[in-house]
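Q:
Number of protein chains: 2
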Amino acid sequence: MINKLIENIKKTQAPVVVGLDPMLDYIPSHILDQTIKERGETLEAAGEAIWQYNKGIIDATYDLIPAVKPQIAMYEQFGIPGLEAFNKTADYCRQKGLVVIGDVKRSDIGSTSAAYANAHIGSVTVGNTKLSGFHEDFITVNPYLGSDGVKPFIDVCKEEKRGIFVLVKTSNPSSGEFQDQKVEGKPLYEIVGEKVAEWGADCMGDSYSYVGAVVGATYPEMGKVLRAIMPNTYILVPGYGAQGGSAKDLKPYFNKDGLGAIVNSSRGIICAYKQEKYAQFGAENYADASRQAVIDMREDIASIF
Amino acid sequence: MINKLIENIKKTQAPVVVGLDPMLDYIPSHILDQTIKERGETLEAAGEAIWQYNKGIIDATYDLIPAVKPQIAMYEQFGIPGLEAFNKTADYCRQKGLVVIGDVKRSDIGSTSAAYANAHIGSVTVGNTKLSGFHEDFITVNPYLGSDGVKPFIDVCKEEKRGIFVLVKTSNPSSGEFQDQKVEGKPLYEIVGEKVAEWGADCMGDSYSYVGAVVGATYPEMGKVLRAIMPNTYILVPGYGAQGGSAKDLKPYFNKDGLGAIVNSSRGIICAYKQEKYAQFGAENYADASRQAVIDMREDIASIF
Numbered sequence: 270m271i272n273k274l275i276e277n278i279k280k281t282q283a284p285v286v287v288g289l290d291p292m293l294d295y296i297p298s299h300i301l302d303q304t305i306k307e308r309g310e311t312l313e314a315a316g317e318a319i320w321q322y323n324k325g326i327i328d329a330t331y332d333l334i335p336a337v338k339p340q341i342a343m344y345e346q347f348g349i350p351g352l353e354a355f356n357k358t359a360d361y362c363r364q365k366g367l368v369v370i371g372d373v374k375r376s377d378i379g380s381t382s383a384a385y386a387n388a389h390i391g392s393v394t395v396g397n398t399k400l401s402g403f404h405e406d407f408i409t410v411n412p413y414l415g416s417d418g419v420k421p422f423i424d425v426c427k428e429e430k431r432g433i434f435v436l437v438k439t440s441n442p443s444s445g446e447f448q449d450q451k452v453e454g455k456p457l458y459e460i461v462g463e464k465v466a467e468w469g470a471d472c473m474g475d476s477y478s479y480v481g482a483v484v485g486a487t488y489p490e491m492g493k494v495l496r497a498i499m500p501n502t503y504i505l506v507p508g509y510g511a512q513g514g515s516a517k518d519l520k521p522y523f524n525k526d527g528l529g530a531i532v533n534s535s536r537g538i539i540c541a542y543k544q545e546k547y548a549q550f551g552a553e554n555y556a557d558a559s560r561q562a563v564i565d566m567r568e569d570i571a572s573i574f
Numbered sequence: 270m271i272n273k274l275i276e277n278i279k280k281t282q283a284p285v286v287v288g289l290d291p292m293l294d295y296i297p298s299h300i301l302d303q304t305i306k307e308r309g310e311t312l313e314a315a316g317e318a319i320w321q322y323n324k325g326i327i328d329a330t331y332d333l334i335p336a337v338k339p340q341i342a343m344y345e346q347f348g349i350p351g352l353e354a355f356n357k358t359a360d361y362c363r364q365k366g367l368v369v370i371g372d373v374k375r376s377d378i379g380s381t382s383a384a385y386a387n388a389h390i391g392s393v394t395v396g397n398t399k400l401s402g403f404h405e406d407f408i409t410v411n412p413y414l415g416s417d418g419v420k421p422f423i424d425v426c427k428e429e430k431r432g433i434f435v436l437v438k439t440s441n442p443s444s445g446e447f448q449d450q451k452v453e454g455k456p457l458y459e460i461v462g463e464k465v466a467e468w469g470a471d472c473m474g475d476s477y478s479y480v481g482a483v484v485g486a487t488y489p490e491m492g493k494v495l496r497a498i499m500p501n502t503y504i505l506v507p508g509y510g511a512q513g514g515s516a517k518d519l520k521p522y523f524n525k526d527g528l529g530a531i532v533n534s535s536r537g538i539i540c541a542y543k544q545e546k547y548a549q550f551g552a553e554n555y556a557d558a559s560r561q562a563v564i565d566m567r568e569d570i571a572s573i574f
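Protein chains in written order, with the working numbering: chain A, 270 to 574; chain B, 270 to 574.
(1) Please report the straight-line C-alpha distance between GLY508/A and PRO489/A, rounded to a whole angstrom.
(2) Among the candidates ILE538/A, TRP320/A and PHE407/A, whose CA atom is the shortest distance from the CA of LYS273/A?
(3) Buried or exposed, going by whether 16 or more other CB atoms sit within 10 Å of the CB of PHE523/B?
(4) Let me confirm a value: PRO500/A is counted as buried when at least 16 other C-beta atoms fall within 10 Å, else exposed. Which label applies?
(5) With burial defined as no fewer than 16 other Cβ atoms inside 10 Å of the residue's Cβ, what is the status of ASN397/A: buried or exposed?
(6) Quick check: the stretch 474 to 484 of chain A against the stretch 432 to 442 of chain A, are at least 3 beta-carbon pairs closer than 8 Å?
(7) By the 8 Å beta-carbon criterion, what residues does the stretch 397 to 409 of chain B contribute toward chain A?
(8) Counting only C-beta atoms, is LYS427/B closer than 8 Å to chain A at any point?
(9) Does ASN533/A have its Cβ less than 8 Å from a Cβ in chain D?
(10) To which residues of the same chain is LEU301/B closer than 6 Å at the C-beta, ignoring the five residues directly before and after it?
(11) Taking Cβ-Cβ distances shorter than 9 Å, what residues in chain B pair up with GLY454/A?
(12) Is GLN549/B helix, strand or coil by DSSP?
(13) Counting only C-beta atoms, is THR358/A closer than 8 Å to chain B at any point?
(14) Kindly indicate which three-state DSSP category ILE580/A falls into: helix, strand or coil?
(15) What residues from chain B crowd round GLU467/A, counting only those whose CB sits closer than 9 Å?
(16) When DSSP labels each residue in this structure, what does LYS455/B get in the three-state scheme?
(17) Can you confirm whether PHE422/A, when its beta carbon is compared against all beta carbons of chain B, has any partner nearer than 8 Å?
(18) With a threshold of 8 Å between beta-carbons, can GLU307/A be considered close to chain B, or not?
(19) For the beta strand (DSSP E) containing LYS438/B, list its first residue and its last residue.
(20) One question on the structure: do ASP372/B and LYS338/B come within less than 8 Å of each other, judged by their Cβ atoms?
(21) If you run the structure through DSSP and keep just helix, strand and coil, what is PHE403/A?
(22) Could you check which residue in PRO350/A, LYS374/A, PRO335/A and GLN340/A has the C-alpha nearest to that of ARG363/A?
(23) Residues of chain A with CB closer than 9 Å to the CB of ALA579/B, please, in chain order.
(24) Give the single residue among GLY510/B, ALA571/B and ILE570/B whose Cα lies nearest to the Cα of GLN544/B.
(25) Take LYS374/A as the anchor and find which of GLU310/A, GLU429/A and VAL410/A has the nearest alpha-carbon.
(26) Reducing DSSP to helix, strand and coil, say where LEU505/B ends up.
(27) Hey, does MET491/B have any beta-carbon neighbour from chain A nearer than 8 Å?
(28) What is the rounded straight-line gap between the Cα of ILE275/A and the Cα of LEU333/A?
(29) Just the Cα atoms here: how many angstroms apart are LEU352/B and ALA383/B?
(30) Just to confirm the assignment: which complete beta strand (DSSP E) runs, minimum length 3, are found wholly within the stretch 519 to 572 of chain B?
(31) ALA354/B: buried (16+ other C-beta within 10 angstroms of its C-beta) or exposed?
(32) Whose C-beta lies closer than 6 Å to the C-beta of MET491/A among residues of the same chain, with five residues either side of it excluded?
(33) State the CB to CB distance for the pair VAL563/A and VAL286/A, rounded to an integer number of angstroms; the pair is presumed to be in contact (CB under 8 Å).
(34) Apply the 10 Å Cβ neighbour rule to ASP377/A and answer buried if 16 or more other Cβ atoms are within range, or exposed otherwise.
(35) Is ILE408/B helix, strand or coil by DSSP?
(36) With a cut-off of 8 Å, do at least 3 Cβ pairs link the stretch 298 to 317 of chain B to the stretch 389 to 404 of chain A?
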């Protein structure tokens with residue numbers, strides 16, 4: 270699946286992933302009012318509105334982008350109907366040829382990690398039938414529990430030809446509280462980065478490992494160090510745009526081959542129509558605003574090469 | 270909710286939580302074969318079998334125990350029908366007066382952490398209607414992202430009078446890989462423990478905070494240190510039984526008031542009928558075997574006081 274991701278990035282010339290993280294107040298009223306009219310003020314109405322909203326954005330952008338990253342929390346908060354919208358979104362994106370990165374940040378140990386992996390990037394067997402509960406191509410994984418928390422995910426990746434991105438240095442202001450703590454002079458995120466490189470070494474696609482890393486755009490100096498520590502690791506970079514990361518900060522995350530990183534933008538794309546810059550589109554044409562925002566982001570990132 | 274947990278513990282005289290972590294191969298064939306017969310080899314058949322299996326165990330043990338801890342990964346792997354079984358299980362347990370600790374180990378930042386908190390221990394608003402997707406009393410939270418990852422969970426706890434248990438030192442063999450790394454001579458788990466105590470200080474129930482901690486039974490020396498660092502923190506202790514922790518290892522986790530810790534057992538209780546010790550019950554009477562295993566666990570733990 271890392272090969273497919275890279276192929277998609279080369280094809281679109283856009284190391285960009287659109288974060289499908291819908292909040293109800295992002296959804297234009299012509300969609301949400303209608304689903305509430307049809308289904309009442311219910312979780313089902315919310316789920317259906319999220320799905321329709323996503324579909325609009327996917328239809329307007331899929332030819333420009335290699336991948337999407339739905340944040341499952343935004344669906345999970347609407348319970349079962351929310352997760353049905355998550356599944357529909359992931360399935361539709363895959364039909365459109367996009368790589369789906371489930372931002373689930375799951376973590377546990379042993380058979381429990383394996384269950385999460387089976388849930389999202391693998392399968393279960395009922396009787397003699399193999400079935401999948403959710404259907405992502407990659408998922409994000411939290412490393413705090415150590416190797417025996419992460420390895421069951423890697424085992425499923427190997428079997429199913431999928432991938433993971435392990436949190437190394439996150440984009441938020443207080444990520445340093447634990448991640449930057451110095452261990453014999455070296456920050457913890459470097460130790461985690463070394464482990465990610467080690468875990469990824471025997472999980473290689475054609476040129477990069479399918480064990481990737483998450484490193485926030487908001488810490489470019491650390492990005493540079495981590496790039497060197499993990500030369501064959503694809504880096505998923507959140508924090509561009511709304512969180513404050515700019516294009517010039519992104520350069521250190523890429524390798525000399527122009528590959529090695531994929532940059533996420535969520536609000537900046539899916540809620541573009543609410544920005545002054547794209548206000549002329551109007552709420553009715555929110556999806557066209559998202560398309561323009563993708564084009565602008567692609568150009569912005571291209572400017573660093 | 271921490272007050273209710275303590276009240277339940279005092280009433281049952283059992284600082285015990287039953288981990289409802291069903292694997293399909295734990296489920297006696299008289300249940301699973303029947304649901305497959307009715308629904309085919311589907312996720313729905315798996316979900317229904319899990320629910321029936323859980324209901325049997327709950328009916329047989331609810332009067333002896335204060336709380337249950339369903340591990341959501343075991344349900345999530347069966348997709349939407351699995352999560353429907355999770356919801357039914359949590360709802361049924363709460364009807365029976367049990368405190369439900371959702372072992373979800375969620376983590377993210379800002380509005381995404383808030384969405385997870387709303388999903389499991391809070392609510393969302395659709396139109397003017399407040400709704401809940403999942404319905405736990407406590408959930409477990411991974412701290413790797415730092416304060417701004419954890420605080421949105423605490424905010425929801427305050428509003429909804431629920432609680433969390435933050436991973437501090439997990440029970441697995443490689444938990445030390447990152448958690449034990451020494452930061453100026455002090456292991457990271459102590460730094461996390463200090464933060465948990467700090468976060469919990471203004472979140473007090475009558476005698477303990479509703480910001481709790483997870484500390485594995487397999488590291489009693491560390492449990493002792495963490496007990497001292499977090500005197501008002503309830504400690505959820507996994508790793509007893511199947512993972513190798515024994516009753517004598519548990520003493521340091523408790524305070525002098527006999528409170529302050531609650532010990533989880535999953536496989537040892539829910540799959541008791543497969544142990545030689547309880548084999549006389551037979552698969553048909555798996556729930557009675559679970560009841561006997563709870564009684565034995567309660568006695569085992571009582572022996573340390």
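Cβ coordinates follow ideal geometry from the N, Cα and C atoms, glycine included.
Here the structure is a predicted model, which is why all the values come from computation and not from measurement.
A: Reading it off the structure:
(1) Against the first sequence, residue 508/A aligns to sequence position 239. Against the first sequence, residue 489/A aligns to sequence position 220. Those two C-alpha atoms are separated by around 11 Å.
(2) As a working mapping, residue 273/A is identified with position 4 in the first sequence. Ranking ILE538/A, TRP320/A and PHE407/A by Cα distance to LYS273/A puts PHE407/A first.
(3) In the second sequence, counting from the first residue as 1, residue 523/B sits at position 254. PHE523/B is buried by the Cβ-count criterion.
(4) In the first sequence, the residue the question calls residue 500/A occupies position 231. Label assigned to PRO500/A: exposed.
(5) Numbered from its first residue, the first sequence carries residue 397/A at position 128. Under this definition ASN397/A is an exposed residue.
(6) yes
(7) ASN397, THR398, LEU400, SER401, GLY402 and PHE403
(8) By 1-based counting over the second sequence, the position of residue 427/B is 158. Output row for LYS427/B: interface = no.
(9) Looking at the structure shown, chain D is missing, and the protein chains on hand are A and B.
(10) Along the second sequence, one-based indexing puts residue 301/B at 32. ALA318.
(11) Position 185 of the first sequence, counted from the first residue, corresponds to residue 454/A. Neighbours of GLY454/A on chain B: none; closest Cβ ~10 Å, over 9 Å.
(12) Here the question's residue 549/B lines up with position 280 in the second sequence. If DSSP states are grouped into helix, strand and coil, GLN549/B belongs with the helices.
(13) The residue you call residue 358/A lines up with position 89 of the first sequence. So no, THR358/A is outside the interface.
(14) Given that chain A is displayed from residue 270 to residue 574, the structure contains no residue 580/A and the question cannot be resolved.
(15) Working through the first sequence from its first residue, we reach residue 467/A at position 198. Correct list: empty, because the minimum Cβ distance to chain B is about 11 Å.
(16) The residue you call residue 455/B lines up with position 186 of the second sequence. Strand at LYS455/B.
(17) To locate residue 422/A, count along the first sequence from 1; it is residue 153. No, PHE422/A does not count as interfacial toward chain B.
(18) To locate residue 307/A, count along the first sequence from 1; it is residue 38. No, its Cβ sits nowhere closer than 8 Å to a Cβ of chain B.
(19) One-based indexing of the second sequence puts residue 438/B at position 169. Unbroken beta strand (DSSP E) run through LYS438/B: 432 to 438.
(20) Against the second sequence, residue 372/B aligns to sequence position 103. Against the second sequence, residue 338/B aligns to sequence position 69. Yes, these two residues count as a Cβ contact at 8 Å.
(21) Start at 1 with the first residue of the first sequence, and residue 403/A comes out as number 134. Here PHE403/A sits in coil by DSSP.
(22) In the first sequence, the residue the question calls residue 363/A occupies position 94. Comparing Cα-Cα distances from ARG363/A to each of PRO350/A, LYS374/A, PRO335/A and GLN340/A, the minimum goes to PRO335/A.
(23) Residue 579/B is absent from the structure shown; chain B starts at 270 and stops at 574.
(24) For the purposes of this step, residue 544/B is identified with residue 275 of the second sequence, where counting begins at 1. That would be GLY510/B, whose Cα lies nearest to the Cα of GLN544/B.
(25) Residue 374/A sits at position 105 when you count from the first residue of the first sequence. When only C-alpha atoms are compared, the closest one is VAL410/A.
(26) As a working mapping, residue 505/B is identified with position 236 in the second sequence. Three-state result, LEU505/B: strand.
(27) Taking the first residue of the second sequence as 1, we reach residue 491/B at position 222. Answer no: the Cβ-Cβ gap between MET491/B and chain A never drops below 8 Å.
(28) Looking up residue 275/A in the first sequence gives position 6. Looking up residue 333/A in the first sequence gives position 64. If I take the Cα positions, the gap works out to 14 Å.
(29) Start at 1 with the first residue of the second sequence, and residue 352/B comes out as number 83. Start at 1 with the first residue of the second sequence, and residue 383/B comes out as number 114. Going by the C-alpha atoms only, they are around 20 Å apart.
(30) 530 to 534
(31) Within the second sequence, residue 354/B is the residue found at index 85, counting from 1. Burial call: buried.
(32) For this step, residue 491/A is matched to residue 222 along the first sequence. Contacts found: LYS438.
(33) Here the question's residue 563/A lines up with position 294 in the first sequence. Here the question's residue 286/A lines up with position 17 in the first sequence. Incorrect: roughly 10 Å between the Cβ atoms, too far for contact.
(34) The residue labelled residue 377/A in the question sits at position 108 within the first sequence. ASP377/A is buried by the Cβ-count criterion.
(35) In the second sequence, counting from the first residue as 1, residue 408/B sits at position 139. Reduced to three states, the DSSP call for ILE408/B is strand.
(36) yes
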